[in-house]
Amino acid sequence: MGLGFRLFARPIIALQDSERAHSRALKLLKLFSSNPFTRIPMRILFKPKKKIPITFLGTTYDHPLGLAAGMDKKAEALRGWENLGLGFIEIGGVTELEQQGNPKPRMFRSDSSNALVNRMGFNNPGSEKTAQNLKKHFDKFGRPNVPLWVNLGKSKLTPLDKSSDDYSTTFMRLWDYGDVFVINVSSPNTPNLRELQNDDELAKIISACQKINKKMSQEKNSNLKPILVKIAPELDDVQLKLVVNTAMKSGCDGIVATNTTTTRPVPNSKSEEKVFSQKGGMSGKPLKKLSTEFIKKIYLMTDGKWPIIGVGGIMSADDAWEKITAGATLIQAYSGFVFEGAGITKSIVKGLQKKLDIHGLSSLQDAVGLSHKIEDVE
Ligand SMILES: Cc1cc2nc3c(=O)[nH]c(=O)nc-3n(C[C@H](O)[C@H](O)[C@H](O)COP(=O)(O)O)c2cc1C
């Protein structure tokens, strides 16, 4: 499939505007997964045959690869992602208020460097409509058969000092539907959002969400939902330590490293220069090393005891292995789906099983943070 995708689909996609290609792909995925004649072949082609189970916060995932936030902001194609065999699905970012996001064009693709630049600005239907859509979906099809994660963003209109209300309102509205929630204070495309990574602001947001968490779990007689925080790869070591300490102290259950980067590599061509010079966050291959370095640092800071989700530039099993052995329990991809196609999940899961065999490990859990324990984990 990888070769087929590269030979046929990629050249066609390359001719299309990035956002339009993205929305067409989502529509197709939704369509194919709603019809048994296409759903079954889809599963056969793309869903990993074997499981490599891994336990994260008490839940066992079939394998560690999930869909990163931003790909399915409106939770439009849940059955599609299930049938493609994702280990978990993160929807959103969802904000309290509905918003259009930044003017188009706002998503740019560099095929030669396997990179995207986006400045979407949290375009989403808002938490009220998202809750209604999820209710409809759950009533019709039941809960997804893999954990559903929800990415929480902040509405552009909400002043920074009212951020905790914005995040906690969305959290409350979607509490029933999500299995895990991610507080995103790291998108570069909402003015000043990254300032919320500061100590006091972050503590305020987490504490407001934890308050709702306790209230909802009592009301519903159900467990608390795990809350994670997602960080930017531009924090210096002091800032990173502060964010980690604050999030841990405030009762966050783990960290997602990382969001897109505002840094840029040196372009190798005019077309790369055109994409790299766009304002926004870069994802894909150029982010890979930076996000892995963050995972390593967080793993060391927390003695490997605090769950890390690794995201940034995962395109292959080697990239996935690098993130896991750096310290990530689970991993996510966005750009990998754009550049490698829907077959990426199957090939990563297959490749990870091979790595476990090579290293004589019986469980993926034993590979988490392995690069800190032995030198050569290739
Ligand atoms: C178009 C686009 C939209 C995104 N939207 C969000 C978002 O709403 N919330 C979020 O936390 N991350 C968002 N991200 C970041 C991704 O979840 C991920 O952290 C980043 O793309 C790095 O992973 P990758 O290299 O596999 O793409 C977005 C990324 C892209 C490319």
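If you want the numbering used here, it's the position in the sequence shown, counting the first as 1, plus 106. In this text, a Cβ means the ideal position worked out from N, Cα and C, and glycines have one as well. Since the structure is predicted, the reported quantities are computational estimates derived from the model, not experimental observations.
- For the options L263, T408, A309 and F247, the alpha carbon positioned closest to that of N229 is the one of L263.
- Residue pairing for A221: DSSP places it in a beta bridge opposite S216 and G390.
- Taken from the Cβ of L280, every heavy atom of ligand 1 lies 8 Å or farther away.
- Taking every protein chain shown into account, the CB of P170 has 16 or more other CB atoms within 10 angstroms, so this residue is buried.
- Excluding five sequence positions before and after S292, the CB atoms of its chain that fall closer than 8 Å to its own CB belong to L299, R300, Q303, K336, I337, A338, T364 and N365, given in chain order.
- Residue side-chain check: E428 keeps its Cβ at 8 Å or more from all non-hydrogen atoms of ligand 1.
- By the Cβ neighbour-count rule, K394 is buried, with 16 or more other Cβ atoms within 10 Å of its own.
- Collapsing the DSSP output to three states places T161 in a strand.
- Judged by DSSP secondary structure, E196 falls outside any alpha helix (DSSP H) and instead within the beta strand (DSSP E) spanning F194 to V200.
- By the neighbour-count criterion, in which 16 or more other beta carbons inside 10 Å mark a residue as buried, V344 falls on the exposed side.
- Contact annotation: C315 and L266 have beta-carbon atoms that are not nearer than 9 Å.
- Between S441 and M421, the C-beta spacing is below 9 Å.
- Closer than 8 Å to some heavy atom of ligand 1: that does not describe the Cβ of V286.
- In the DSSP assignment, V252 falls outside any alpha helix (DSSP H), carrying neither H nor E.
- Excluding residues up to 5 positions away in sequence, P170, L171, G172, I415, G416, V417, I420, A426, K429 and I430 lie with their Cβ nearer than 8 Å to the Cβ of I437 in the same chain.
- Counting along the chain, L240 sits inside the alpha helix (DSSP H) bounded by residues G232 to F247.
- Within the model, the alpha-carbon separation for K155 versus L470 is close to 16 Å.
- When only Cα atoms are considered, S269 and T352 end up about 17 Å apart.
- Here N224 is buried. Its C-beta has 16 or more other C-beta atoms within 10 Å.
- With contacts defined as CB atoms closer than 9 Å, E340 and K260 fail to qualify as a contacting pair.
- Proximity of the beta carbon of E196 to ligand 1 is indicated: a heavy atom of the ligand is located closer than 8 Å.
- In this chain, the beta strand (DSSP E) harbouring A363 covers G360 to A363.
- Annotation for N141 indicates a beta carbon at 8 Å or more from all heavy atoms of ligand 1.
- Note: T367 is bridge-paired with M388 in the DSSP secondary-structure output.
- Counting only the Cα atoms, T161 lies some 18 Å from D409.
- Remark: C-beta atoms of P250 and N239 do not approach each other more closely than 9 Å.
- Per the C-alpha coordinates, the member of P297, A221, L135 and H465 positioned closest to G191 is L135.
- Runs of the alpha helix (DSSP H) lying entirely within the segment 273-338 and spanning at least 4 residues, in chain order: 305-326.
- By the neighbour-count criterion, in which 16 or more other beta carbons inside 10 Å mark a residue as buried, V372 falls on the exposed side.
- Cβ neighbours of T367 within its own chain (closer than 7 Å, five residues either side excluded): P339, E340, G387, M388, L393 and L396.
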